[in-house]
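A.B. asks: Provided herewith is a single structure, encoded as structure tokens, for subsequent inquiry.
Numbering (full-length UniProt numbering), first residue to last: 1 to 556.
Here you go:
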């Protein structure tokens, strides 16, 4: 019950002191003792005592009588005294006693200072009381002088001139911004167009132009905003009734800038470390690039290391170096130790891990394809049911150009999980086999058919004599026998052309020797064999016949 009574009495004293302007702190000995008994090393919050938006000095407080409440009570007393014309500003008095100093105006106590107040300012209590009394006297003089008709007229004239100057400055800035736009259009528009041409349209001229115009417009807007802010601060700060609003307006605009500036200054050591780290990493990456460039050119050889592995390996090493650099730099990034930054980092990591599973699978598959040497650029391959030339190999996908000039993109994970036929590597090792099948009637000797097929191979440039071509016998059908001619070649890209040329030569040879080809379908014997007479081989619009063919031995 005693504790509740003490809280009630403390609250009553607080209300009484903040509402009764002329009450003296000396008349409340309990509160005086409370303000006086403060540990010298304690963290004491202070609040400003203000008049007309100007800070006179700062005072401390305690839990039951906060600094804000004490400062507000003192400010209210000073303002009432200043607004009372009967009070003489020179009547400020400082009365020192054993444990406090009382400051009064016209025998009205304004505030009481204790030794604890002086310890905060690190001066003697008597000196602090004298300085505070002098500031109160000057504040009362300024309060009354700024409200005289002469001062108000001066401020009004100055405000009008400031607003007129603002109008002129804003108009000048708008005109200057338009002139800068016109100057940029005249001097730089053509040069920006040449940049687009030289960069092969990688850099768009319209985007550069839009960025320049936006920069000029932003600069003009910022200049106008600064002029408006300076004018408002001057106009509002000239009148005592609006000076506090001007101060608050300045605090709203300037305080964030000061905070950012101070944060930048505090961050400079970390920034220097990051710059040095970036330079070291860049230099190290250049050394690594020079090494792998030498490996790719063959200047540096490594045992069991193919030259085509140089750049993929460089990318892996570069990624590892950059990852290590990010880990080292992370603690020096502004805000990296904040909970918000950690939360966002966790969210980004979660999203990336969930959404990039297929991308990571393709990336790993791309590395495995590279080091397994399944194929290289320019190879003729069959991946799944797609046949074409490899035109590009990326970490995620591989691009093929089909025989019909179609570009097909295949994910590396599909390549790794499927089957790949590399025609180019097979052609270099043992040669590819070009084959064709014909159906010939039973009345034609198989030896003649085999000789005709070998003759067609001999007439086809690009098919090899060694290994020798050979004929395989297929199905013995109802009306004909299937013969398959097989010949080797060394050029995987020429297989479609060689196959077409072989088909043409088969038709010519069988027509020359009067052997009828009975595939793909045969119903019955006709009165006349289905042959093309030699005289009609070059019927219109085929054109004239070429020179006589060389002997078979010469062609072989």
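Where a beta carbon is used, it is the ideal one built from N, C-alpha and C, also for glycine.
Just so it is clear, the structure is predicted and the values come from calculations on it, not from any experiment.
Does the region 298-313 come into contact with the region 238-253, if we say contact requires no fewer than three beta-carbon pairs (one atom in each stretch) closer than 8 Å?
C.D. replies: Taking 8 Å as the limit for Cβ pairs, the verdict is that the region 238-253 does not touch the region 298-313.
A.B. asks: Quick one: Cα of residue 456 to Cα of residue 464, how far?
C.D. replies: Taking the first residue of the chain shown as 1, we reach residue 456 at position 456. Taking the first residue of the chain shown as 1, we reach residue 464 at position 464. Looking at the two C-alpha atoms, the distance is approximately 12 Å.
A.B. asks: Can you name the residues that DSSP bridges to residue 422?
C.D. replies: Taking the chain shown and counting its residues from 1, one reaches residue 422 at position 422. Note: residue 422 sits in a beta bridge opposite 381.
A.B. asks: Taking only three categories from DSSP, how would you classify residue 465?
C.D. replies: Numbered from 1 along the chain shown, position 465 holds the residue referred to as residue 465. Of the three classes helix, strand and coil, the one that applies to residue 465 here is coil, per DSSP.
A.B. asks: Which of the three DSSP states, helix, strand or coil, is assigned to residue 544?
C.D. replies: Residue mapping note: residue 544 aligns to position 544 of the chain shown, counting from 1. In this structure, residue 544 counts as coil in the three-state DSSP scheme.
A.B. asks: Going by Cα to Cα distance, which pick from 229, 492 and 162 is closest to residue 388?
C.D. replies: By 1-based counting over the chain shown, the position of residue 388 is 388. Of 229, 492 and 162, the residue nearest in Cα terms is 492.
A.B. asks: Helix, strand or coil for residue 514 per DSSP?
C.D. replies: Sequence index remark: in the chain shown, residue 514 carries index 514 (1-based). The answer is coil: DSSP assigns residue 514 none of H, G, I, E or B.
A.B. asks: Between residue 436 and residue 499, which are expected to be in contact by the criterion C-beta below 8 Å, what is the C-beta distance as a whole number of angstroms?
C.D. replies: Counting from 1 along the chain shown, the entry for residue 436 is found at position 436. Counting from 1 along the chain shown, the entry for residue 499 is found at position 499. Indeed, because the Cβ distance is near 7 Å, the residues count as touching under 8 Å.
A.B. asks: Pull up the distance between the alpha-carbon of residue 421 and that of residue 294, whole angstroms please.
C.D. replies: Along the chain shown, read from residue 1 onward, the residue named residue 421 stands at position 421. Along the chain shown, read from residue 1 onward, the residue named residue 294 stands at position 294. Near 31 Å, if we compare the C-alpha coordinates of residue 294 and residue 421.
A.B. asks: Excluding the 5 residues flanking residue 24 on each side, which residues of the same chain have their C-beta closer than 6 Å to its C-beta?
C.D. replies: Position 24 of the chain shown, counting from 1, holds the residue named residue 24. With a pLDDT of 37 at residue 24, under the threshold of 50, the predicted position of this residue should be treated as unreliable, and no value is reported.
A.B. asks: In the DSSP assignment, the alpha helix (DSSP H) including residue 448 goes from what residue to what residue?
C.D. replies: Here residue 448 refers to the residue found at position 448 when the chain shown is read from its first residue. Unbroken alpha helix (DSSP H) run through residue 448: 446-458.
A.B. asks: Can you tell me whether DSSP reads residue 236 as helix, strand or coil?
C.D. replies: Position 236 of the chain shown, counted from the start, is the residue given in the question as residue 236. Residue 236: helix per DSSP, three-state reduction.
A.B. asks: If I measure Cβ to Cβ from residue 277 and keep anything under 6 Å in the same chain, skipping five residues before and after, which residues do I get?
C.D. replies: In the chain shown, residue 277 corresponds to position 277, counting from 1. If we look at residue 277 and ignore the five residues flanking it on each side, its Cβ neighbours are 329.
A.B. asks: My assumption, with CB atoms under 8 Å, is that residue 490 sits in contact with residue 427. Please give the rounded CB distance.
C.D. replies: To locate residue 490, count along the chain shown from 1; it is residue 490. To locate residue 427, count along the chain shown from 1; it is residue 427. About 5 Å; that satisfies the 8 Å criterion.
A.B. asks: Pull up the distance between the alpha-carbon of residue 86 and that of residue 128, whole angstroms please.
C.D. replies: Counted from its first residue, the chain shown places residue 86 at position 86. Counted from its first residue, the chain shown places residue 128 at position 128. Taking the straight line joining both Cα atoms gives about 27 Å.
A.B. asks: Just to confirm my understanding: we take residue 33, look at its own chain, exclude 5 residues before and 5 after, and list those with CB closer than 7 Å. What are they?
C.D. replies: Taking the chain shown and counting its residues from 1, the one referred to as residue 33 is at position 33. With a pLDDT of 44 at residue 33, under the threshold of 50, the modelled position of this residue cannot be trusted; read the value that follows with caution. For residue 33, where only same-chain residues beyond five positions count, there are no Cβ hits under 7 Å.
A.B. asks: If you measure from the beta carbon of residue 207 to each beta carbon in chain C, is any gap under 9 Å?
C.D. replies: Although the question refers to chain C, the structure presented lacks it and comprises just one protein chain.
A.B. asks: If you drop the 5 nearest sequence neighbours on each side, which residues of the same chain put their C-beta closer than 7 Å to that of residue 307?
C.D. replies: If you number the chain shown from 1, residue 307 lands on position 307. For residue 307, where only same-chain residues beyond five positions count, the Cβ hits under 7 Å are 295, 296 and 298.
A.B. asks: Tell me which same chain residues have a C-beta within less than 8 Å of the C-beta of residue 386, skipping the five on either side of it?
C.D. replies: Within the chain shown, the letter at position 386 stands for residue 386. So the list reads 400, 402, 408 and 410, once near-sequence residues are dropped.
A.B. asks: What is the DSSP secondary structure of residue 551, counted as helix, strand or coil?
C.D. replies: Counted from its first residue, the chain shown places residue 551 at position 551. Here residue 551 scores only 43 on pLDDT, less than 50, and its place in the model is too uncertain to base an answer on.
A.B. asks: Roughly how many whole angstroms lie between the Cα atoms of residue 462 and residue 353?
C.D. replies: The residue given as residue 462 occupies position 462 in the chain shown. The residue given as residue 353 occupies position 353 in the chain shown. Answer to the nearest angstrom: the Cα atoms are 53 Å apart.
A.B. asks: Run the CB neighbour count on residue 362, radius 10 Å, all protein chains shown included, and call it buried at 16 or more, exposed below.
C.D. replies: Counting from 1 along the chain shown, the entry for residue 362 is found at position 362. It counts as buried.
A.B. asks: Relative to the C-alpha of residue 282, which residue among 63, 324 and 256 is closest?
C.D. replies: Counted from its first residue, the chain shown places residue 282 at position 282. Out of 63, 324 and 256, 324 has the C-alpha closest to the C-alpha of residue 282.
A.B. asks: Three or more C-beta pairs under 8 Å: does that hold for the region 138-147 against the region 46-56?
C.D. replies: A contact exists between the region 138-147 and the region 46-56.
A.B. asks: Just confirm the distance between the C-beta atoms of residue 439 and residue 517, as a whole number of angstroms; I'd bet it's less than 8 Å.
C.D. replies: Locating residue 439 in the chain shown gives position 439, where the first residue counts as 1. Locating residue 517 in the chain shown gives position 517, where the first residue counts as 1. Between residue 517 and residue 439 the Cβ distance is about 7 Å, and since that is below 8 Å, they are a contact.
A.B. asks: In this structure, does DSSP put residue 161 in helix, strand or coil?
C.D. replies: For this step, residue 161 is matched to residue 161 along the chain shown. Helix, per DSSP.
A.B. asks: Once DSSP output is grouped into helix, strand and coil, what is the label at residue 63?
C.D. replies: The residue given as residue 63 occupies position 63 in the chain shown. Reduced to three states, the DSSP call for residue 63 is coil.
A.B. asks: Measuring alpha carbon to alpha carbon, tell me which of 365, 441 and 396 ends up nearest residue 416.
C.D. replies: What you label residue 416 is simply residue 416 of the chain shown in a count that begins at 1. The shortest Cα separation from residue 416 among 365, 441 and 396 belongs to 365.
A.B. asks: Within 10 Å of its beta-carbon, does residue 384 have 16 or more other beta-carbons around it, so buried, or fewer, so exposed?
C.D. replies: Position 384 of the chain shown, counting from 1, holds the residue named residue 384. The residue in question, residue 384, is exposed, as its Cβ has fewer than 16 Cβ neighbours within 10 Å.
A.B. asks: Of the residues 107, 111, 90 and 106, which one's Cα is nearest the Cα of residue 100?
C.D. replies: Numbered from its first residue, the chain shown carries residue 100 at position 100. For residue 100, the nearest C-alpha among the options comes from 111.
A.B. asks: For the beta strand (DSSP E) containing residue 401, list its first residue and its last residue.
C.D. replies: Stepping through the chain shown from its first residue, residue 401 is reached at position 401. It spans 397-402 - the beta strand (DSSP E) in which residue 401 sits, taken as one unbroken run.
A.B. asks: Looking at the strands, I want to know which residues DSSP matches up with residue 254.
C.D. replies: Counting from 1 along the chain shown, the entry for residue 254 is found at position 254. Partner(s): none; residue 254 has no beta bridge.
A.B. asks: Give me the residue from 284, 379 and 292 with the minimum Cα distance to residue 314.
C.D. replies: The residue you call residue 314 lines up with position 314 of the chain shown. Among 284, 379 and 292, the Cα nearest to that of residue 314 is on 292.
A.B. asks: Leaving out five residues before and five after residue 454 in sequence, what residues of the same chain have Cβ atoms less than 8 Å from its Cβ?
C.D. replies: As a first step, residue 454 is located in the chain shown; it is residue number 454 there, counting from the start. Closer than 8 Å at Cβ, skipping near neighbours: 469, 471 and 485.
A.B. asks: With H, G and I counted as helix, E and B as strand and the rest as coil, what does DSSP make of residue 394?
C.D. replies: Translated into positions along the chain shown, residue 394 becomes position 394. Of the three classes helix, strand and coil, the one that applies to residue 394 here is coil, per DSSP.
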